[in-house]
Amino acid sequence: MSTAERIAPSYLEEGFSLRSWLGTRDHKRIAILYALGITFFFFLGGLAAALIRLELVTPAGDVLSAETYNKVFTFHGVVMVWFFLIPSIPATLGNFLLPLMIGARDMAFPRLNLFSWYLYIVGGLFTIACLLLGGVDTGWTFYTPFSTMFSNSNVMLAVVGVFVVGFSSIFTGLNFIVTIHTMRAPGMTWFRLPLFVWSMYAVALVMMLATPVLAMTLALIALERLFGVGIFDPALGGDPLLFQHFFWFYSHPAVYIMVLPAMGVVSELITAGVRRRIFGYKFMVWAIVGIAVVGFLVWGHHMFVSGQSMYAGIIFSILSFIIAVPSAIKVFNWTATLYKGDISFTAPLLYALGFVGLFMLGGLTGLFLAATALDVSLTDTYFVVAHFHYIMVGGSVMAYLGGIHYWWPKITGRLYSEAWARFAAILMFFGFNLTFFPQYVLGWEGMPRRYHEYLPQYQVLNVLSSAGATILAVSYLLPLGYLLWSLRHGARAGANPWNAQGLEWTTPSPPTLHNFEETPQVTGGPYAYEQP
Amino acid sequence: MIGLPQASGFAGRVDGLFDTLLALSGVVVLGVFVVMIWFCVKYRHGSSADRKGEAHRHLGVELTWTLIPMAMFIGLFAWSVKLWVVLRTPPADATPIYVVAKQWMWKVQHVGGQREINTLHVPLGQPIRLVMTSQDVIHSFYVPAFRVKQDVLPDRYTDLWFTATKTGTYHLFCAEFCGTDHARMGGEVVVMTPADYANWLHAHAGTGLAAQGAAMFRRFGCSGCHDPHAGVHAPDLDNLYGSTVPLANGSQVLADERYLHDAIMLPKLQVAAGYAPIMPSYQDRIDESDVLALIAYLKSRSNHPEIVDEYR
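Chains A and B supply the protein sequences, listed in that same order. Going by numbering that gives the first Met the number 0, the first sequence opens with residue 0, and the numbers climb by one from there. Going by numbering that gives the first Met the number 0, the second sequence opens with residue 0, and the numbers climb by one from there.
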């Protein structure tokens, strides 16, 4: 019980009114606000996924009409990408932990931080309005000229929602960069930063540099759709491939916005669970930076069969192979960190190990898609669907949940049920594989994605996938249950229940408004676990 | 691979690369999992394993697992590119067949005037080049059994080639999301022996594509300006296809299918040097199948060989 050492009230006790939350400038409270929004959208997007899997149990399109099905998968994609995955780790764990990890009192721009959350909510409201008014059927990729001249659905509402939420990303990125540059505690040099902070730094750069391109592209869609200015539609003299270049110039780096933070989280979880320094810290840092930089140069691998030239395909192919190298380095380093460790199989470590396994499968199948000659067959099939779900759901969601468990005592001051959490982590790993592994086979056997009906020969694998999805759904609902339960009934957590390294564990659980009583002095690198 | 027939000249080679990559991935996954589980068991909390000492020198290990994957990746890349170039370079003697995609059907026109919808008949053992365009949104022509796929765009001709190696009927899918009935925009490719194919062509022969184009050339009033005896100063179309056209802006363009298409649909885009930009757009009056017939007609008036553009 840490209140004995406590002088000031915890950040949760600073005020109980709605206003004290909605007007807060405390990075920790803003993180909680994001967590509420993100959880809401995760389950909303999950509901859409459930409808998709239900429809695909039988080859005939018998549950939803084709039109509704198209709207449901579009909604699933838009919500999961922009309202869950992209903000998930950065806006919740990043917001909460970044100042704590570098020994700062808050973010550099607390008001901008709150404003970013309001932008997120406004973007979310547009998206929900879009859904309530009938939805949108373009796919989350908004490919032209379908989205500009042919779709009769609420394209503009969806576009405005994504446009607005993009600025939330941009401002969050700006805040992170300035905070990391200017607010590190004395002695917290760049190469003493925890890898989570490095990942936040890299992701903030990507957010700031890539998201404006998305905003511009969406604005051009609006111009064409509303005013008939010919940009993408050939009937107006435009070029439809131009849209794909713009879109993937943002959306491929966006994949790294989703996965770099997960890599950061997992590095913290593994070192704490294994009680070892991270293996090859500097290689891990440079791998993060390398992925962020090269991530800007591989967008054309989404377009190998799009009509892009053969030579462009060759360049984008080699760059896509090269970006797999730093990812491989990370997987090997995490594995090597286990060597001579003192390993306790806590729930956060189980989530982290699950991440490594699933990320590796997702990464290796990425090589198949980087190989142009194979991509010809595999692109736009379920192979691609499986591949990016392994990275984003198997990877990012596992890491996000692992991080939520690991820092839960810090955030809430309560301990959750380890037994339930371990069970959920293991269930999630199996449920995930049962859902998505069959989709690799489906893709190789030729089943195109975004199909509301399919040939009977694909049914067995689809049924397996839908069965896995039910298990996966249970494993996502479990943490919602036992984590909420712990808020009231969980044992109170001490300042450092994992006996972990890192400045965040030197503060009380939950921390006070200003995080640190005195500015900490940093004298060594991260993960200084005692070696025998 | 189980379940998927190998019905084109590419299939075996693509599958060879796929199987190799699959085997390599399997070895990596197995290796990492075994090491991970071994460490997890050996160094579990409370075990008596020796944990003394720390490997301070990581450089050798790091370089090993950086450079070896890198070398493997470059090898795989080279293998894949070799195959990719073959996939993307149609042989000059490939028979062209024209495909127009629209929401939500595939319209096929053979040079001999045979037309089909959602079905494509091709002969065994002869290279076929599909010249494809879309009347509305982006579609994608995908035949899993052939291991080929190519997006079909509304503003250009894309091509896709293959040599069928096994008679039979194979699924054709639209692989690029194109709206409500995307999932139903499918059909089949029927591979026939050359003799059967010749019979099929004969039975379905219509007016040849070039002859259809010639009729349209008069019907749409093209001949009113482009006929050598017409009073209007308009470019002569004999030997136009395959020639190099100087443009009003000083540049030059190869008169390929896309140029001819754009000259009819978007004539202001590229105005031939020495001519006033008076050609009206036929965008709202001619559909893509008719443009293909007109192009076939213009090709018949040219001595230049078929252009097989490797830059596509």
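Note that the Cβ used here is the ideal one computed from N, Cα and C, for glycine as well.
Boundaries of the alpha helix (DSSP H) harbouring GLU61(B): 58–87, taken from the DSSP string. When GLU503(A), ALA490(A) and TYR457(A) are compared, the shortest CA-CA separation from PRO58(A) is found for TYR457(A). When Cβ-Cβ separations below 8 Å define contact, ARG50(B) makes contact with chain A. The distance from the Cβ of ARG274(A) to that of GLY340(A) is about 6 Å, consistent with a contact at the 8 Å cut-off.
The continuous stretches of alpha helix (DSSP H) do not include HIS513(A), and DSSP gives it neither H nor E. The CB of THR334(A) comes closer than 9 Å to the CB of VAL31, VAL34, MET35 and PHE38 in chain B, given here in chain order.
Between LYS329(A) and MET283(A) a beta carbon distance of about 6 Å is seen, short of the 8 Å cut, so the two are scored as contacting. Take ALA335(A), set aside five residues on each side of it, and the residues of its chain with a beta-carbon closer than 8 Å to its own are PHE278 and GLY279, in chain order.
By the CB criterion at 8 Å, THR171(A) and GLU223(A) fall outside the cutoff. Ranking GLY524(A), TYR528(A), PRO525(A) and GLU516(A) by CA distance to the CA of SER9(A) puts GLU516(A) first. Per DSSP, reduced to three states, the secondary structure at TRP160(B) is strand.
Below the 8 Å Cβ cutoff, chain B contributes HIS170 as neighbours of LEU454(A), in chain order. Going by DSSP, VAL158(A) is part of the alpha helix (DSSP H) stretching over 154–181. Pairing GLY362(A) with SER326(A) gives a Cβ-Cβ distance under 8 Å. A residue is called buried when at least 16 other Cβ atoms come within 10 angstroms of its Cβ; LYS27(A) meets this threshold and is buried.
In the DSSP assignment, GLN251(B) falls within the unbroken beta strand (DSSP E) covering 251–253. Restricting attention to ILE29(A), ARG52(A), LEU130(A) and ILE410(A), the CA atom closest to the CA of ALA472(A) is found in ARG52(A). Nearest to MET69(B) by alpha-carbon distance, out of PHE295(A), SER250(A), ALA184(A) and ALA323(A), is ALA323(A).
Within 10 angstroms of the beta-carbon of ALA262(B) lie 16 or more other beta-carbons, which makes it buried.
Three or more Cβ pairs drawn from the region 406–414 of chain A and the region 89–105 of chain A lie within less than 8 Å of each other, which places the two stretches in contact. Secondary structure note for TRP105(B): its beta strand (DSSP E) is the uninterrupted segment 104–108. Comparing alpha carbon positions, the residue from VAL258(A), VAL177(A) and SER250(A) closest to PHE195(A) is VAL258(A). In this structure the region 361–379 of chain A touches the region 132–150 of chain B; the number of beta carbon pairs closer than 8 Å is three or more. Within chain B, SER79, VAL80 and TRP83 have C-beta atoms less than 7 Å from the C-beta of THR371(A), given in sequence order.
Under the criterion of beta carbons closer than 8 Å, THR118(B) and GLU61(B) do not qualify as touching, at roughly 57 Å.
TRP81(A) and MET215(A) have their C-alpha atoms spaced approximately 16 Å apart. With contacts defined by Cβ atoms closer than 8 Å, ILE313(A) and VAL80(B) form a contacting pair.
With contacts defined as CB atoms closer than 8 Å, THR243(B) and LEU259(B) fail to qualify as a contacting pair.
Across the region 425–457 of chain A, CB contacts with chain B closer than 9 Å involve VAL440, TRP443, GLU444, GLY445, MET446, PRO447, ARG448, ARG449, TYR450, HIS451, GLU452, TYR453, LEU454 and GLN456, in sequence order along the chain.
In this structure TYR475(A) does not touch GLY76(A) by the C-beta definition: roughly 18 Å separates them, more than the 8 Å allowed.
ARG43(B) is bridged by DSSP to ILE342(A). For the 8 Å CB-CB criterion, HIS225(B) and MET184(B) do not form a contact. The C-alpha of ALA423(A) is placed about 38 Å away from the C-alpha of THR179(B). It is roughly 21 Å from the alpha-carbon of THR19(B) to the alpha-carbon of THR65(B). Taking a 10 Å sphere around the C-beta of TYR156(B), we find 16 or more other C-beta atoms and assign the residue as buried. For PRO239(A), the CB contacts under 6 Å within the same chain, skipping 5 residues up- and downstream, are THR143, PRO144 and PHE231 in chain order.
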